[in-house]
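>
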Amino acid sequence: MKSATTIQQKELSLLCQKARLLLEEQNYTECEQLISNAMGTYPHAPHPHNLMGILLEQENDVLGAMRHYRSAWALDPSYLPARYNLNRLGSLTPDGNCAFDESDCNEPLHLAFTTRRDPNGIIHVMERRAER
Numbered sequence: 000m001k002s003a004t005t006i007q008q009k010e011l012s013l014l015c016q017k018a019r020l021l022l023e024e025q026n027y028t029e030c031e032q033l034i035s036n037a038m039g040t041y042p043h044a045p046h047p048h049n050l051m052g053i054l055l056e057q058e059n060d061v062l063g064a065m066r067h068y069r070s071a072w073a074l075d076p077s078y079l080p081a082r083y084n085l086n087r088l089g090s091l092t093p094d095g096n097c098a099f100d101e102s103d104c105n106e107p108l109h110l111a112f113t114t115r116r117d118p119n120g121i122i123h124v125m126e127r128r129a130e131r
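Numbering (numbering that gives the first Met the number 0), first residue to last: 0 to 131.
#1: So C97 packs on H46, CB below 8 angstroms; how close in whole Å?
#2: Answer yes or no: do E58 and Y83 have a C-beta to C-beta separation smaller than 9 angstroms?
#3: Compare the C-alpha of I53 against each of A18, L11, Q32 and name the closest.
#4: DSSP state of H67, grouped into three classes?
#5: Given 8 angstroms as the limit, is there contact between the stretch 30-49 and the stretch 61-78, that is, 3 or more CB pairs closer than that?
#6: So for T43, helix, strand or coil by DSSP?
#7: Classify H109 as helix, strand or coil using the three-state DSSP reduction.
#8: According to the neighbour-count rule (16 or more other Cβ atoms, all chains shown, within 10 Å of its Cβ), is L62 buried or exposed?
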């Protein structure tokens with residue numbers, strides 16, 4: 000007998016595939032409805048928020064997309080597509096394709112962090128991409 004978690008993971012994987020197809024067809028209305036329903040069905044899963052971020056990004060709503068990518072990351076910091084999309088879109092020159100699922104994260108994000116103390120003594124953590 001399959002566990003509830005396994006069934007949920009399969010359903011979320013199918014959700015990602017359906018959303019990808021709808022976005023490729025530029026069927027934004029149906030895609031938004033699909034994702035909104037998934038948010039209600041899976042309130043603690045990062046997948047629907049990541050997908051909503053992709054939808055909003057394709058509609059040129061960068062701020063809305065960033066909000067949803069951050070929400071997905073907050074729900075599960077280990078969910079690589081959200082972190083990938085957040086870092087990609089937040090860079091000075093966003094390039095590459097959106098990550099619908101883990102298979103789209105073919106380019107690992109090797110990030111290095113540095114710290115800097117400002118004149119007021121506040122420590123700032125800064126992110127920089129490692130050399131490839």
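Even glycine gets a Cβ: it sits at the ideal position worked out from N, Cα and C.
According to the structure data:
#1: At roughly 13 angstroms, the Cβ-Cβ gap does not stay under 8 angstroms, so C97 and H46 are not in contact.
#2: no
#3: A18
#4: helix
#5: yes
#6: The sequence given here has His at residue 43, not Thr. Note: H43 maps to coil in three-state DSSP.
#7: Per-residue confidence for H109 stands at a pLDDT of 47, beneath the threshold of 50, marking its modelled position as unreliable; the derived number appears in the next sentence. It is coil, neither helix nor strand.
#8: exposed
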